[in-house]
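A.B. asks:
Residue numbers (our numbering): 754 to 832.
1) On the DSSP letters alone, give me the boundaries of the alpha helix (DSSP H) that residue 769 sits inside.
2) Using CA atoms only, rank isn't needed, just tell me which of 757, 756, 764 and 759 is closest to residue 814.
3) Could you compute how far the alpha carbon of residue 774 sits from the alpha carbon of residue 780?
4) Classify residue 759 as helix, strand or coil using the three-state DSSP reduction.
5) Figure out for me which residue from 811, 785 and 786 has the closest Cα to the Cα of residue 796.
6) Candidates 828, 819 and 832: which alpha carbon is nearest residue 769's?
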């Protein structure tokens with residue numbers, strides 16, 4: 754099992770303690786295209802095929818609802 758697979762498994766097992774960098778790394782690794790915020794916004798937009806996910810940059814952890822939405826999209830894509 755690679756480091757990225759272990760990280761994805763960690764995110765699936767405990768969505769409450771996911772850092773923005775970890776989620777960003779996993780989403781980009783599976784093929785999401787990222788659009789960074791402009792105009793003072795803190796929301797990053799990830800796009801793959803017909804799926805769109807917007808995640809606000811939050812420290813120390815991303816809110817659980819956004820992590821669960823990301824997991825749902827990954828499941829729909831079969832990842």
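Virtual Cβ for every residue (Gly too), placed ideally from N, Cα, C.
C.D. replies: Reading it off the structure:
1) From DSSP, residue 769 is part of no alpha helix (DSSP H); its letter is neither H nor E.
2) 764
3) 10 Å
4) helix
5) 811
6) 819
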